[in-house]
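Undergrad:
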Amino acid sequence: MKFNNLKCYKFNAPFKTPIQTVKTRLTDRRVLVISLDVDDRTYFAESNAFDTNWYHDETIATVHAAVQHIFSEISETEWHDYAELGTLLASYRSTPHTIALFDYIGWQCTNELNPVTVPLGFTLHQGHTGEFSNRVKVKWNAHIESQVKALRQQYPEIKIAIDANGSLTEADVPILEACMNYEIDYFEEPFSDIRLYSKYHRLPLAIDESASSIEQIIKYYGAGVKTIIAKYSRLGGGYPLLTIKDAIPDIRIIAGGMYEYGLSKYFTAALAEQLGTIPDITPRGFYFDGDYADWNEKIQDGQLTMSFPQVNEQRLIPLNK
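For the sequence shown, UniProt numbering begins at 1 and goes up steadily by one.
What follows is the structure, given as structure tokens:
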């Protein structure tokens, strides 16, 4: 198999509600989408990069440039399976968001694109009125202990995770310990100092932002972290993510997206199905009304099932090289 006929596109849709994080404010989600031909069939992939580098060093502009450069270097190289493609792309691991595009298309070429079914996890947002199932994630706040206590009383069986975005210090550890009275599944990115992960490894600590490379994951695993929230785009695709799982069987990998559209969401869900964990994905229409692809999706008994999205090229805007 070889990659041929690279085309680049952009797509943009407004968020239903603007996203406010500690690092940025987002009113819409612009993405780069590429298509490649493999064995006379056309495949698409979506980049999870943003316009600016608030999330990662790679941006839409740098990925657009890098994907053309890498394509020019590997388009004449033949590969026979997903693992061989992973080895080929490893030379470009300094641009993970870029090689994740080639990785996802390679994965599509070598897998049955059947509907996937995964347990649906939820993140508690202000004003949420629906019922929770499987897992609920709560953002760290001044009333976190009373909040998780109330959740545990209402949902005795559900998994509860707490996301602190690296904002805690050693002074907050007693609150973490108090929250453990309510059976917390994991504390996501509590600290920004790896020494605290090592010191308090007895707690169920997980990393998200710090899971920025295979090397970083191994480093934190050595400090006692056994759960990672992994974005395939940040690690260079699905192959590196699955390689980590094979190399470290006792590590728990939770697949997550980054305000992604349906095509990227399918890959996140497919990886989660293979990993056997509850992913960080949302139901269709949660963030935006618009999408450049169409698929079937249903939610039943806390399980989300989606078919492989079919891209409508008419909704994409071609980019000049």
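Built from N, CA and C at the ideal position, the CB exists for glycine as well. Everything numeric in this text was worked out from a predicted model, so none of it was measured.
From residue 324 to glutamine 147, what does the alpha carbon distance come to, in whole angstroms?
TA: Nothing about residue 324 can be reported from this structure: the residues present for the chain run from 1 to 321 only.
Undergrad: Please go through the same chain and pick out, in chain order, the residues whose beta-carbon is closer than 6 Å to the beta-carbon of isoleucine 194, but skip the five residues on each side of it.
TA: Cβ within range, chain order: Ala223.
Undergrad: Counting pairs of Cβ atoms below 8 Å between the region 266-283 and the region 240-250, do you hit three or more?
TA: Yes, the region 266-283 touches the region 240-250.
Undergrad: Mind checking who alanine 206 pairs with in its DSSP beta bridge?
TA: DSSP output for alanine 206 lists Glu188 and Thr227 as bridge partner(s).
Undergrad: Could I get the ranges of all uninterrupted beta strand (DSSP E) runs contained in the region 23-93, with 3 residues as the minimum, in chain order?
TA: Whole beta strand (DSSP E) segments, 3+ residues: 25-38 and 41-46.
Undergrad: Could you give the residue range of the beta strand (DSSP E) that holds tyrosine 9?
TA: Counting along the chain, the beta strand (DSSP E) containing tyrosine 9 begins and ends at 4-20.
Undergrad: Which runs of the alpha helix (DSSP H) at least 4 residues long sit entirely within the region 233-288? Give them in chain order.
TA: You should have 238-247 and 262-275.
Undergrad: What residues match up with aspartate 301 in a beta bridge as DSSP calls it?
TA: Looking at the DSSP assignment, aspartate 301 forms no beta bridge with any residue, so it has no partner.
Undergrad: Cβ atoms of glycine 302 and proline 119: under 7 Å apart, would you say?
TA: Result yes, Cβ atoms of proline 119 and glycine 302 sit closer than 7 Å.
Undergrad: Quick one: what's threonine 123 bridged to in DSSP?
TA: Its beta-bridge partners are Lys137.
Undergrad: Would the region 255-275 count as touching the region 225-237 if we require 3 or more Cβ pairs under 8 Å?
TA: Yes, the region 255-275 is in contact with the region 225-237.
Undergrad: To the nearest angstrom, report how far apart histidine 69 and lysine 16 are at their CA atoms.
TA: Their backbone Cα atoms lie some 35 Å apart in a straight line.
Undergrad: Hey, proline 309 and glycine 262: beta-carbon distance below 7 Å or not?
TA: It is a contact, given that the beta carbons lie within the stated cut-off.
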